[in-house]
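S.K.:
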Amino acid sequence: MAQLLLVEDDPAIRSALVRALSDRGHGVRTATTGMEGLQEAVQHRPDLVVLDLGLPDVDGTTVLTMLRAVSDVPVIVATAQDDERVTVKALDAGADDYVVKPFAPEHLDARIRAVLRRSGAGEDGSGVLAVGGLVVDVRAHEASLDGRRLDLARKEFELLAHLAARPGQVVSKRELMAAVWGLPYGGGDKTVDVHLSWLRRKLGESASDPRYLHAVRGVGVKLQAPA
Amino acid sequence: MRRQVVVLVTATTLLVLLAFLVPLAVLLRTLASDRAVAEATREAQSVAALVAVTEPDQLAAAVTVVNQRGPRRVGVVLASGRQVGADDEGTPAALQLAQEGRSFSASVPHGRQVYVPVDTASGRAVVWSFVPDALLRKGVTAGTTVAVGLGLGLLVITVALADRLARGTVRPVRGMATTALALGQGELSARAPVEGPKEVREVAHALNLLAERIRELLDAEREVVADLSHRLRTPLTALRLDVDAVRDHELRQRLDEDLDEVQRHVDGLIHEARRQVRTGVQVTCDAGEVVRDRTAFWGVLFEDQERPLAVDVAPGPHPVRLAAEDLAAAVDALLQNALVHTPGGTAVAVRVLQGADGRSLLTVADEGPGIPPGATARGLSTAGSTGLGLDIVRRTAEASGGRLLLAERPGGGAEVTLELGPPR
Chain U
1433 MAQLLLVEDD
1443 PAIRSALVRA
1453 LSDRGHGVRT
1463 ATTGMEGLQE
1473 AVQHRPDLVV
1483 LDLGLPDVDG
1493 TTVLTMLRAV
1503 SDVPVIVATA
1513 QDDERVTVKA
1523 LDAGADDYVV
1533 KPFAPEHLDA
1543 RIRAVLRRSG
1553 AGEDGSGVLA
1563 VGGLVVDVRA
1573 HEASLDGRRL
1583 DLARKEFELL
1593 AHLAARPGQV
1603 VSKRELMAAV
1613 WGLPYGGGDK
1623 TVDVHLSWLR
1633 RKLGESASDP
1643 RYLHAVRGVG
1653 VKLQAPA
Chain Y
19 MRRQVVVLVT
29 ATTLLVLLAF
39 LVPLAVLLRT
49 LASDRAVAEA
59 TREAQSVAAL
69 VAVTEPDQLA
79 AAVTVVNQRG
89 PRRVGVVLAS
99 GRQVGADDEG
109 TPAALQLAQE
119 GRSFSASVPH
129 GRQVYVPVDT
139 ASGRAVVWSF
149 VPDALLRKGV
159 TAGTTVAVGL
169 GLGLLVITVA
179 LADRLARGTV
189 RPVRGMATTA
199 LALGQGELSA
209 RAPVEGPKEV
219 REVAHALNLL
229 AERIRELLDA
239 EREVVADLSH
249 RLRTPLTALR
259 LDVDAVRDHE
269 LRQRLDEDLD
279 EVQRHVDGLI
289 HEARRQVRTG
299 VQVTCDAGEV
309 VRDRTAFWGV
319 LFEDQERPLA
329 VDVAPGPHPV
339 RLAAEDLAAA
349 VDALLQNALV
359 HTPGGTAVAV
369 RVLQGADGRS
379 LLTVADEGPG
389 IPPGATARGL
399 STAGSTGLGL
409 DIVRRTAEAS
419 GGRLLLAERP
429 GGGAEVTLEL
439 GPPR
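Structure below.
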């Protein structure tokens, strides 16, 4: 369980998020303005801050810059802008990750857990996941198979990390779409499929002869060490 | 324009120079001729003074001296009919006229001759002085050359000044043209240099104001889109979070799916609004390159599903009026449509050809069951797809100034062709 600080001005989103994150086992404090959020972050030292970029008093990016001056608490920014310039600016200002509104609670929760793992505040604190000969270092953003380093694109890595955190579990494409892309899943969308195909190639296997990546027809996909 | 100004000034100056130089040359010639005739008359008159008081032999000696000294040739016919000095170059009629007491000058071969009659005790004698052509035109060539030289000098100076003036006008105009072109190609920070004549400076200033206005409008439009995005996505977020609290699993799943649908439409709407902001400026990309890149990306999935994917890009660049990311999204949608709407193992062919009027034709053809009836109205709206994909494809084609064409292939299967417009 992690102590979170939620800085969000919209009351509907705030209360819904408090409930959703509490349901998932987090302790949540809230702030409605940027200045209040800064105060809370300094006084109560949360494990992680979820910061809305569109705040009424101070611009979220400014809050982030000010927060970074006094604390290295992990920050996930929430923004209604899926414009890359906005997200890049937030990441440059010191954000650890971002979610684009509207996001599903499980999506935000997955991001929170990933960031906490990276920052060492997660369950085991190492941030390294191992499935058979496959090693995924979430913090270093590196993966290797049987000691050989894998050259993965960003989304491929995130996909692998998400699956590696749930070895043996069947993960739906809908969940992968939400967790890795922050997008809703439509039946006509083959984004997840094509990235899985690339991942398979880089893992040196094929759909007809799987070793680690197993498609479960109609349900999703699972990552499993070969028997 | 610079050349035209120079040509105009040259022509005008030449006309003015000709209007002055031609009369000047005529005047010079007349003056030289008059001067030579006047000198000859004076000489003839001084010889005439001698005729009255001198013996013919002495006169002959004096005339010989005069003829040896000067360029003119003087001759005398005495009352007795004896001729002294140079020969008479004139006609007998002219001599006759002089003998009647008339003093005049007349044209003779190779020059002019002055006749001066003189009355002596023994009768009327006539003195003539022949002026050769060279003497009549003495100084004319030099004078004309100087005048023409001065005229040419004047012409060169005028042309140089005109060229400088034209350059001073043309350079800022050319600067404005470059700026306008850059603005048209989307370089909104381009500004025209404010220089040159007053009117040109005013135009440059107006162009810069216009550029500033375009930038402001685009910024305002961007803000509207950003605001739209915020206003639509914030309540949607609240809704998503609230749905999470629904305990009935089945109901929650259904609500989630409905929300996915709403979100996809909202995303499409925002993307479209943003595209209009983006295409407010000139964009271009190579359709061949985009197709090669996207088919290479999707190729692995086709391979995994054992679907042959043939890619045929005609040689040469295929410039189209679209941002690469927009065309890539359209190609992605077409390939995904083919994956969703055809059974496994179905062959898909992607072609890029050069069309008429600089257009490019991008075709995705499959050997699947074809296009379901009624799907052409707003894009394919069948199992697994919302139709949004093909809607985006249609908008992309139209944004480039082209269109979307759906056809059934003769052997069965669907053929989707994007007619893409060339960059402006």
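As they're listed, the protein sequences go chains U and Y.
One gets this note's numbering by counting positions in the first sequence from 1 and adding 1432 to each.
One gets this note's numbering by counting positions in the second sequence from 1 and adding 18 to each.
For glycine and all other residues, C-beta sits at the position ideal for the given N, C-alpha and C.
Can you check which of these residues, Thr1511/U, Val1560/U, Thr1493/U and Ala1448/U, is closest to Asp245/Y by C-alpha distance?
M.R.: Your numbering for residue 245/Y matches position 227 in the second sequence. Closest option to Asp245/Y, Cα to Cα, is Thr1511/U.
S.K.: Could you round the C-beta distance between Leu327/Y and Val366/Y to whole angstroms and report it? I think they count as a contact, below 8 Å.
M.R.: Within the second sequence, the letter at position 309 stands for residue 327/Y. Within the second sequence, the letter at position 348 stands for residue 366/Y. That belief holds up - the Cβ atoms of Leu327/Y and Val366/Y are roughly 5 Å apart, short of 8 Å.
S.K.: Find the nearest neighbour of Arg1543/U within the set Glu1440/U, Ala1597/U and Leu1470/U, judged by alpha-carbon distance.
M.R.: Position 111 of the first sequence, counting from 1, holds the residue named residue 1543/U. For Arg1543/U, the nearest C-alpha among the options comes from Ala1597/U.
S.K.: Which residues does DSSP pair with Lys1654/U in a beta bridge?
M.R.: In the first sequence, residue 1654/U corresponds to position 222, counting from 1. Paired residues: His1646/U.
S.K.: Relative to the alpha-carbon of Ala58/Y, which residue among Asn85/Y, Ala70/Y, Ala79/Y and Leu35/Y has its alpha-carbon at the smallest distance?
M.R.: Counting from 1 along the second sequence, the entry for residue 58/Y is found at position 40. Measuring from the Cα of Ala58/Y, the nearest candidate turns out to be Asn85/Y.
S.K.: Identify every run of the beta strand (DSSP E) within the segment 96-182 of chain Y, keeping only runs that are complete inside it and at least 3 residues long; order them along the chain.
M.R.: 101-103, 122-126, 129-138 and 141-150, all fully within the segment 96-182 of chain Y.
S.K.: How many angstroms separate the CA atom of Pro337/Y from the CA atom of Thr414/Y?
M.R.: Walking along the second sequence from the start, residue 337/Y turns up at place 319. Walking along the second sequence from the start, residue 414/Y turns up at place 396. Going from the Cα of Pro337/Y to the Cα of Thr414/Y covers about 15 Å.
S.K.: Over the uninterrupted beta strand (DSSP E) stretch that includes Leu423/Y, give me the two end residues.
M.R.: Stepping through the second sequence from its first residue, residue 423/Y is reached at position 405. Counting along the chain, the beta strand (DSSP E) containing Leu423/Y begins and ends at Arg421 to Glu426.
S.K.: Could you check whether Val1653/U and Val1612/U sit closer than 8 Å to each other, using their CB atoms as the reference points?
M.R.: For the purposes of this step, residue 1612/U is taken as the residue at position 180 of the first sequence. For the purposes of this step, residue 1653/U is taken as the residue at position 221 of the first sequence. Not closer than 8 Å, so no.
S.K.: Determine the direct distance from the alpha carbon of Val83/Y to that of Ser125/Y, and round the result to whole angstroms.
M.R.: The count along the second sequence starts at 1 and reaches residue 125/Y at position 107. The count along the second sequence starts at 1 and reaches residue 83/Y at position 65. Each residue's Cα considered, the two are about 25 Å apart.
S.K.: For the segment 1519-1547 of chain U, which residues have a beta carbon sitting closer than 7 Å to at least one beta carbon of chain Y?
M.R.: The segment 1519-1547 of chain U vs chain Y, Cβ under 7 Å: Lys1533, Pro1534, Phe1535, Ala1536 and Pro1537.
S.K.: What are the start and end residues of each continuous beta strand (DSSP E) run of 3 or more residues lying completely inside the segment 291-338 of chain Y, in chain order?
M.R.: If we require 3 residues or more, the beta strand (DSSP E) runs fully inside the segment 291-338 of chain Y come out as 327-331.
S.K.: Going by CA-CA distance only, name the one from Leu46/Y, Ser98/Y, Leu36/Y and Val164/Y that's closest to Glu491/Y.
M.R.: Because chain Y is modelled from 19 through 442, residue 491/Y falls outside the range shown and cannot be assessed.
S.K.: Indicate whether Met19/Y and Ala184/Y have their beta-carbon atoms separated by less than 8 Å.
M.R.: Residue numbering aside, residue 19/Y sits at position 1 when the second sequence is read from its first letter. Residue numbering aside, residue 184/Y sits at position 166 when the second sequence is read from its first letter. Yes, these two residues count as a Cβ contact at 8 Å.
S.K.: Anything in chain Y within Cβ reach of Asp1491/U, meaning under 7 Å, just list it in chain order.
M.R.: Residue numbering aside, residue 1491/U sits at position 59 when the first sequence is read from its first letter. Chain Y residues near Asp1491/U: none, gap ~13 Å exceeds 7 Å.
S.K.: Per the contact definition of three or more C-beta pairs closer than 8 Å, is the segment 103-110 of chain Y in contact with the segment 49-58 of chain Y?
M.R.: The segment 49-58 of chain Y is not in contact with the segment 103-110 of chain Y.
S.K.: Going by DSSP, what residue range makes up the alpha helix (DSSP H) through Arg1545/U?
M.R.: To locate residue 1545/U, count along the first sequence from 1; it is residue 113. Pro1537 to Ser1551 is the extent of the alpha helix (DSSP H) around Arg1545/U.
S.K.: Determine, using beta-carbon pairs with one atom in the segment 284-293 of chain Y and one in the segment 314-325 of chain Y, whether at least three such pairs fall under 8 Å.
M.R.: Contact fails: fewer than three Cβ-Cβ distances are below 8 Å.
S.K.: Please specify which runs of the alpha helix (DSSP H), each continuous and at least 4 residues long, are wholly inside the segment 1553-1631 of chain U, giving them in chain order.
M.R.: DSSP runs (the alpha helix (DSSP H)) wholly in the segment 1553-1631 of chain U: 1586-1596 and 1605-1608.
S.K.: Short of 8 Å in beta carbon distance, which residues of its chain neighbour Ala160/Y, apart from the five on each side in sequence? Order them along the chain.
M.R.: On the second sequence, residue 160/Y is found 142 positions in, with the first residue counted as 1. Correct list: empty, nothing qualifies.
S.K.: CA-CA distance, Arg377/Y and Arg325/Y?
M.R.: If you number the second sequence from 1, residue 377/Y lands on position 359. If you number the second sequence from 1, residue 325/Y lands on position 307. Arg377/Y and Arg325/Y: Cα-Cα distance of roughly 29 Å.
S.K.: What residues from chain Y crowd round Trp1630/U, counting only those whose CB sits closer than 7 Å?
M.R.: Position 198 of the first sequence, counted from the start, is the residue given in the question as residue 1630/U. Simply Val318.
S.K.: Within the same chain, show all residues whose beta-carbon is closer than 8 Å to that of Glu220/Y, passing over the 5 residues directly before and after it, in chain order.
M.R.: Here residue 220/Y corresponds to residue number 202 of the second sequence, with the count starting at 1. Closer than 8 Å at Cβ, skipping near neighbours: no residue.
S.K.: Can you tell me whether Gln131/Y is buried or exposed? The criterion is at least 16 other CB atoms within 10 Å of its CB, across all chains shown.
M.R.: Counted from its first residue, the second sequence places residue 131/Y at position 113. Label assigned to Gln131/Y: buried.
S.K.: Of the choices Glu1590/U, Asp1641/U, Val1460/U and Ala1527/U, whose alpha-carbon is the least far from that of Gly1667/U?
M.R.: This structure leaves residue 1667/U out entirely; chain U is present only between 1433 and 1659.
S.K.: Could you say which of Leu36/Y, Ala341/Y and Val23/Y lies nearest to Gly167/Y if we only look at CA atoms?
M.R.: For the purposes of this step, residue 167/Y is taken as the residue at position 149 of the second sequence. That would be Leu36/Y, whose Cα lies nearest to the Cα of Gly167/Y.
S.K.: Skipping 5 residues on each side, what residues in its chain have a beta carbon closer than 7 Å to that of Val1547/U?
M.R.: Counted from its first residue, the first sequence places residue 1547/U at position 115. Around Val1547/U: Leu1480, Pro1506, Ile1508, Asp1528 and Asp1529.
S.K.: Could you confirm whether any beta carbon from chain U is found closer than 8 Å to the beta carbon of Arg396/Y?
M.R.: Against the second sequence, residue 396/Y aligns to sequence position 378. Any reading at Arg396/Y is ruled out, since the residue's pLDDT is 42, under 50, leaving its predicted position unreliable.
S.K.: What are the boundary residues of the alpha helix (DSSP H) that includes Gly1492/U?
M.R.: Stepping through the first sequence from its first residue, residue 1492/U is reached at position 60. From DSSP, the alpha helix (DSSP H) with Gly1492/U extends over Gly1492 to Val1502.
S.K.: Would you identify the three-state DSSP class for Thr255/Y, choosing helix, strand or coil?
M.R.: Looking up residue 255/Y in the second sequence gives position 237. Thr255/Y falls in the helix class under three-state DSSP.
S.K.: Does the segment 1448-1457 of chain U come close enough to the segment 1560-1572 of chain U to have 3 or more Cβ pairs within less than 8 Å?
M.R.: In short, these stretches do not touch, since the Cβ pair count stays below three.
S.K.: Do you know how far the Cα of Ala1585/U is from the Cα of Glu1574/U?
M.R.: The residue labelled residue 1574/U in the question sits at position 142 within the first sequence. The residue labelled residue 1585/U in the question sits at position 153 within the first sequence. Distance between the alpha carbons of Glu1574/U and Ala1585/U is about 11 Å.
S.K.: Does DSSP put Thr28/Y in a helix, in a strand, or in coil?
M.R.: Here residue 28/Y corresponds to residue number 10 of the second sequence, with the count starting at 1. Thr28/Y falls in the helix class under three-state DSSP.
S.K.: Keeping to the same chain, check which residues put their C-beta closer than 6 Å to that of Arg412/Y; ignore five residues upstream and five downstream.
M.R.: Numbered from 1 along the second sequence, position 394 holds the residue referred to as residue 412/Y. Once the five neighbours on either side are set aside, the close Cβ partners of Arg412/Y are Leu422.
S.K.: The alpha helix (DSSP H) with Gln354/Y in it runs from where to where?
M.R.: Here residue 354/Y is taken as the residue at index 336 of the second sequence, counted from 1. Counting along the chain, the alpha helix (DSSP H) containing Gln354/Y begins and ends at Ala342 to His359.
S.K.: By a C-beta neighbour count over all protein chains shown, 10 Å radius and 16 as the cutoff for buried, is Pro1478/U buried or exposed?
M.R.: Taking the first residue of the first sequence as 1, we reach residue 1478/U at position 46. Pro1478/U comes out buried.
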